[in-house]
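Have a look at the structure below, then the notes.
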Amino acid sequence: MTRGEKTAWIVAGVAVLTVSAAFAAYAMELHRAVLWQVVRACVADYKLTGTPFPCLEVNLSGGEDLGTVVLRPPFLEDTVLAPTRRIKGVEDPFLQSPEAPNYFDAAWQARSFLKTADGRAPERDDIALFLNSAIVRTQDQLHIHVGCLLPYARRTLAAVAPKIPMGEWAQIGPVVPHTMFWGYRIADLAHVNPFRLAAEELGAKTSGPGDLTIVVVGVRVEDDDQFLILASYAKAPHAWWPVGADNLLDLCR
Numbered sequence: 011m012t013r014g015e016k017t018a019w020i021v022a023g024v025a026v027l028t029v030s031a032a033f034a035a036y037a038m039e040l041h042r043a044v045l046w047q048v049v050r051a052c053v054a055d056y057k058l059t060g061t062p063f064p065c066l067e068v069n070l071s072g073g074e075d076l077g078t079v080v081l082r083p084p085f086l087e088d089t090v091l092a093p094t095r096r097i098k099g100v101e102d103p104f105l106q107s108p109e110a111p112n113y114f115d116a117a118w119q120a121r122s123f124l125k126t127a128d129g130r131a132p133e134r135d136d137i138a139l140f141l142n143s144a145i146v147r148t149q150d151q152l153h154i155h156v157g158c159l160l161p162y163a164r165r166t167l168a169a170v171a172p173k174i175p176m177g178e179w180a181q182i183g184p185v186v187p188h189t190m191f192w193g194y195r196i197a198d199l200a201h202v203n204p205f206r207l208a209a210e211e212l213g214a215k216t217s218g219p220g221d222l223t224i225v226v227v228g229v230r231v232e233d234d235d236q237f238l239i240l241a242s243y244a245k246a247p248h249a250w251w252p253v254g255a256d257n258l259l260d261l262c263r
């Protein structure tokens, strides 16, 4: 082995140890910047070794400023998608700009990493993408939770979806107990910006964009696969407490 090869292996080893330490810290939520450190570590490891470890996926096809990672903390069933660009959260103005990638569509593609207890892919109507508000989140790097709906939430949304006009916002009530949600039905997620739509509909009701909670779920209406964008905000009517991903997402069964 040449000196250059030895150096490369040493650097790679240090990178693996660094990224593993960052990942463990994220799993324990030691501080609010840990997720960003994990993202940077996964990107560095990907550039050095060509593997996304310990992330599940690193996508830099559009450049690092527009890239994403998919990760799952050790011993947890919480799959998340995060940008490789520094974005604090839902309040970042970049998310509503034309230059912003479609992070929700990328998160929807990441559903391929979800499996039920017997190893099957979950049903499309089971899957939800959840973005916490600034009030609820524990990490100050944008991340979208990719998981499966609690059974009662799936039943509620399946029943209400046909009643929501296509391309219009409608108040749909407490998908999560004691929290009001608004719904917007769309045929395709690829060319829609949920950040902009939610801000346009509810932004004036909030004390700031960080109050927004945004969810995307798969629904089936008249035998057609569609999506619902759900939005709520801190201190919405009849809200008892801020809602987070834990209130709507469950293990895939």
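So the sequence shown is numbered by our numbering: it starts at 11 and just counts up by one. The C-beta atom is built at its ideal place from N, Cα and C for all residues, glycine as well.
The Cβ atoms of residue 139 and residue 114 sit closer than 7 Å to each other. In the DSSP annotation of this structure, the continuous segment of the beta strand (DSSP E) that includes residue 89 starts and ends at 89–93. Rounded to whole angstroms, residue 96 and residue 46 show a C-alpha spacing of 8 Å. Counting only unbroken stretches of 4 or more residues, the alpha helix (DSSP H) elements lying wholly within the stretch 181–261 are 204–212, in sequence order. Within the same chain, 99, 100, 101, 143, 144, 145 come within 8 Å of residue 220 by CB-CB distance, once the 5 residues on both sides are set aside. Taking C-beta atoms as the reference points, residue 263 and residue 126 count as a pair closer than 7 Å. Looking at 136, 154, 254, 75, the one whose alpha-carbon comes closest to that of residue 116 is 154. Assigned with DSSP and collapsed to three states, residue 52 falls in helix. The closest CA to that of residue 233, considering only 150, 197, 182, is found on 197. Relative to the Cα of residue 89, the nearest Cα in the group 71, 141, 135 belongs to 141. Following the DSSP letters along the chain, one finds residue 167 inside the alpha helix (DSSP H) bounded by residues 161–170. When DSSP states are grouped into helix, strand and coil, residue 67 belongs to the strand group. Residue 194 holds the alpha-carbon nearest to the alpha-carbon of residue 236 among 259, 194, 212, 256.
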